[in-house]
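In what follows, a structure is listed as structure tokens, so that the remarks can point back to it.
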Amino acid sequence: MEKDKTLWRVAMLIPPLAVFGILVVWPLFSSFYYSITNWNGFSADYRYVGFDNFLQIFHDPLFTRAAVNTVIWMLAAVIVPTGLGLVLALLIDSQVPGASVFKSIFYLPICLSAIVVGQIWVWIYQPDWGLLNTAISLVTGGNSHFAWLAKPGTALYAVIAAWSWQQTGLAMVIFLAGLTAIPADLIEVCHIEGASSGQRIRQVVLPLLRPATVVVVALGLINSLKGFDILYIMTGGGPFNSSDTLAMHMYNESFKKYHMGYGSAISVVLFLIALAIIFAYFRQLRKVDEIYE
Amino acid sequence: MFKTTRRALMVSVLGSGLMAALPVQQVFAGGEVTISHYFTGDLGLDGLKQIFAEFNKETGITVKDSPIGHEDFKTGILVRAAGGNLPDVFSYWAGAKTQFIINSKSLHPIDDMWKAANLDAIVAKPVADGATLYNGHRYLIPFGYHYAGIFYNKKILQKAGITEMPKTWDEFKAMCDKLKAAGVTPIALGSKNRWPAQFWFDYLLLRTAGPDYRAKLMAGTASYTDPEVAQAMELWKQLLEAGDFTKTPNAYDWTDAADQVQRGDAAMTLMGTWITGYWNTNKFTDADYDFFEFPTVKDGVPRAAVGPVDGLVIAANAKNMEGAEKLLAFMISKPDVQAKWASIQGALSANEKVDPKTYTPVMQHALDVVKHAPAFAFNYDLATPPAVSEVGLSMFSQFLDNPGDVKSMLDQTQTAAAAAFKQ
Chain R
35 MEKDKTLWRV AMLIPPLAVF GILVVWPLFS SFYYSITNWN GFSADYRYVG
85 FDNFLQIFHD PLFTRAAVNT VIWMLAAVIV PTGLGLVLAL LIDSQVPGAS
135 VFKSIFYLPI CLSAIVVGQI WVWIYQPDWG LLNTAISLVT GGNSHFAWLA
185 KPGTALYAVI AAWSWQQTGL AMVIFLAGLT AIPADLIEVC HIEGASSGQR
235 IRQVVLPLLR PATVVVVALG LINSLKGFDI LYIMTGGGPF NSSDTLAMHM
285 YNESFKKYHM GYGSAISVVL FLIALAIIFA YFRQLRKVDE IYE
Chain Y
677 MFKTTRRALM VSVLGSGLMA ALPVQQVFAG GEVTISHYFT GDLGLDGLKQ
727 IFAEFNKETG ITVKDSPIGH EDFKTGILVR AAGGNLPDVF SYWAGAKTQF
777 IINSKSLHPI DDMWKAANLD AIVAKPVADG ATLYNGHRYL IPFGYHYAGI
827 FYNKKILQKA GITEMPKTWD EFKAMCDKLK AAGVTPIALG SKNRWPAQFW
877 FDYLLLRTAG PDYRAKLMAG TASYTDPEVA QAMELWKQLL EAGDFTKTPN
927 AYDWTDAADQ VQRGDAAMTL MGTWITGYWN TNKFTDADYD FFEFPTVKDG
977 VPRAAVGPVD GLVIAANAKN MEGAEKLLAF MISKPDVQAK WASIQGALSA
1027 NEKVDPKTYT PVMQHALDVV KHAPAFAFNY DLATPPAVSE VGLSMFSQFL
1077 DNPGDVKSML DQTQTAAAAA FKQ
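Note that the protein sequences, when read in sequence, are chains R and Y. Residues 35 to 327 in the working numbering are what the first sequence spells out, letter by letter. Residues 677 to 1099 in the working numbering are what the second sequence spells out, letter by letter.
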């Protein structure tokens, strides 16, 4: 009987494992393989080049710029939604009037695809009739036509703002869940002891939100690594590579310059970075579990 | 019970096997040709549907169509090639991009079909030689081609008192000054997708250094640090610094630039003849716009015409090679098919049998210019290998954002281009 159950379990596992193998494992190993070749993506003729593609990374100024942008992107794409999500969660948890409506409104963007979010913000940033320039003109009484996505100094940060707008809702919901887990009598003791709001948040709420913070930060890091589509739709890495991240640089090298071998090498580097982050994430999760135990 | 379980396991394994096979399985039905292309506008899709129906009526072959948007097509077709899953026929840009995939042995030569369909007598010679011959063989049929000219809003020019179109660079600059004096920005440019800027570089280089030098630069035997390139960039810089272009071109698409001209916010834009299709759809007609040729900059330099050629090619591993060749022959040799397609796309037909009267007056003018041009040059991103054009297109964007240090930009471009040519 137990043997039958085991066989059924194995049988049920085979289809998803097959899909996972075809769509994830196989392409992953293909990337490793192509990263040591000079394949151009079209030709059946390509040759083994050893670690040349990986060495080329050190001489590629666009890679350096993309790596710096990736660090900026990851830091900002984690810090901004986490901070805003925490503030919103604390405000909503303090039972402001219409809290549930605000919760739904702030969570809504996470339900949209990154492409839709990107397009909405392309319109917001439009130089002539976009919402942002219109608002600036109204406030300043001037006539703002700033091209937020077309200027190298602002393009990356403009995309980060759009990304943060979407991701803040997710952070907020996780923090709200964390806040409900804080015992009410602890908060009550704070009130009785005459602790100010600031003291209560700093010394009671934030330490007890640590497990939720770990989840928010880890999810933020992983999601930011996947943040290719919103960059693609908003700037495509431009203007002139100023908002390239490693994922975008990999795409440009592989599909626009037809350097599939070199693009694969960049993807391997990106994979290793993601692996290190995921490893750190699981270590933190284990620590969180220990806190709860 | 065990039997049932074993069966479940077998079904599961079989199911998984089928799922594994699905992505790479080639579905092939006799008499079917698969095609992918980047003509995704409503008019283009409708037109092709009618053309494929006519082809089916004539040959009994069904065309299975999978269109992809112009920008996504560039990636999409590469993904299909990488997976060994190219359609039988696909659209592609004649020039360096086609040369690249021919060098990768991904295309089927069509010399026999070319002869059998007597295409030498049908395809206009300048287009045929430049766009279809690679490594001594025919690989592509020109499905339509475009010419890049300076398209302008007639009313705006009239209002500014401009009646004569400029023939020389000095006349052109004087025209820009006159427009600015009348309160109109002379030139609209929407280079968000980078490629619309290339026509300025193409024409300025062609008009100062000539087609032979430009061919050398495109092939990597001349350098971006040469004085010829610096001179072309300097002329472009002078226009930018004189305020002749609309502000922040990198923030706008070419359609935005077309809209600026249509609205009268700007007077003219250097663009391909596809702009006529866009304007006509927006109720801005031949009566409202016209074009003039890029002016002569240096006396004695041949006045080459610039533009892209849209082609159709056959994959080297096409499943229905005979059907694919029949489709290509049908698409190029039927004057009515070509006339219909040219009209839909705002393109010129490479089929000489097409009656020029089927074109609008503006397109007749474009045809006349191309016919009399001493050379027809592909635009930058079709004239130089893809890895190099990526470098150059980014340089144009940087230049448009801040044309300050041109020498440094050209030095960097040459370093990157030289590396790309080596790969």
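Where is the CB? At the ideal position from N, CA and C, for every residue including glycine.
For the pair Y/Lys995 and Y/Leu762, the Cα-to-Cα distance works out to about 10 Å. The continuous stretches of beta strand (DSSP E) do not include Y/Ala906, which lies in the alpha helix (DSSP H) extending over residues 903 to 917.
Between Y/Asn926 and chain R, the shortest Cβ-Cβ separation is below 8 Å. According to the DSSP assignment, Y/Gly948 belongs to no alpha helix (DSSP H) but to the beta strand (DSSP E) extending over 942 to 948. Per the DSSP secondary-structure output, Y/Arg814 pairs in a beta bridge with Y/Leu809. Among the CB atoms of chain Y, none fall inside 8 Å of the CB of R/Met284. Within chain Y, the C-beta atoms nearer than 9 Å to that of R/Met294 come from Leu754, Ala758, in chain order.
Neighbours of R/Phe97 across chain Y, judged by C-beta separation under 9 Å, do not exist; the nearest C-beta is about 12 Å away. In this structure, R/Lys137 is the residue among R/Val114, R/Ile113, R/Lys137, R/Ile226 with its C-alpha nearest to the C-alpha of R/Leu124. DSSP places Y/Asp1077 inside the alpha helix (DSSP H), whose first and last residues are 1062 to 1077. The straight-line gap separating the alpha-carbon atoms of R/Phe54 and R/Ala45 is approximately 15 Å. Segment contact: the segment 75 to 91 of chain R against the segment 296 to 307 of chain R, three or more CB-CB distances shorter than 8 Å; contact assigned. Unbroken beta strand (DSSP E) runs of no fewer than 3 residues, entirely contained in the segment 837 to 915 of chain Y, are found at 861 to 863, following chain order. In this structure, Y/Ala991 and Y/His784 form a Cβ contact; the two beta carbons are roughly 7 Å apart against a cut-off of 8 Å.
Contact between the segment 1072 to 1079 of chain Y and the segment 264 to 280 of chain R is present: 3 or more CB-CB pairs across the two stretches fall below 8 Å.
Y/Ser742 has a beta carbon lying at 8 Å or more from every beta carbon in chain R. Our two residues, Y/Trp871 and R/Val130, have alpha carbons roughly 52 Å apart in a direct line. Contacts with chain R (Cβ-Cβ distance below 9 Å) from the segment 809 to 834 of chain Y involve no residue at all.
In this structure, Y/Ala1094 sits away from Y/Ala1063, with a CB-CB distance that is not shorter than 8 Å.
Counting other Cβ atoms within 10 Å of its Cβ, Y/Tyr714 reaches 16 or more and is therefore classed as buried. Contact between the segment 306 to 320 of chain R and the segment 249 to 257 of chain R is present, with at least three C-beta pairs closer than 8 Å. Within the segment 169 to 199 of chain R, those residues whose Cβ lies closer than 8 Å to any Cβ of chain Y are, in chain order, His179, Ala181, Leu183, Ala184, Lys185, Pro186. The residues Ala1005, Ser1009, in chain order, have a CB closer than 6 Å to that of Y/Ala793 in the same chain once the five nearest residues on each side in sequence are set aside. For a cut-off of 8 Å, the C-beta gap from Y/Val982 to Y/Asn1055 is around 5 Å, short enough to register as a contact. Neighbours of Y/Thr751 in chain R, taken as residues at a C-beta separation under 7 Å, are given in chain order as Phe289. Assignment of beta-bridge partners to Y/Ser712 by DSSP yields Y/Phe766. Counting the other Cβ atoms within 10 Å of the Cβ of R/Cys145 gives fewer than 16, which makes it exposed. Around the beta carbon of Y/Ala850, fewer than 16 other beta carbons sit within 10 angstroms, so the residue counts as exposed. Short of 7 Å from the beta carbon of Y/Lys773, and not among the five residues preceding or following it, lie these beta carbons of its own chain, in chain order: Leu1058, Pro1062. Sequence-distant partners of R/Ala308 (beyond 5 residues in either direction) whose C-beta falls short of 6 Å from its own C-beta, in its chain, are Leu259. Interface annotation, Y/Gln775: not in contact with chain R, CB-CB separation never under 8 Å.
With respect to the 8 Å criterion, R/Phe66 and R/His283 are not classified as neighbours on the basis of their beta carbons. Taking Y/Ile832 as the centre and dropping the five residues before and after it, the same chain places the C-beta of Val860, Gly940, Ala943 closer than 7 Å to its C-beta, in chain order. In the structure shown, Y/Phe827 falls within a strand segment according to DSSP collapsed to helix, strand and coil. DSSP places R/Gly232 within a helical segment (H, G or I) once states are collapsed to three.
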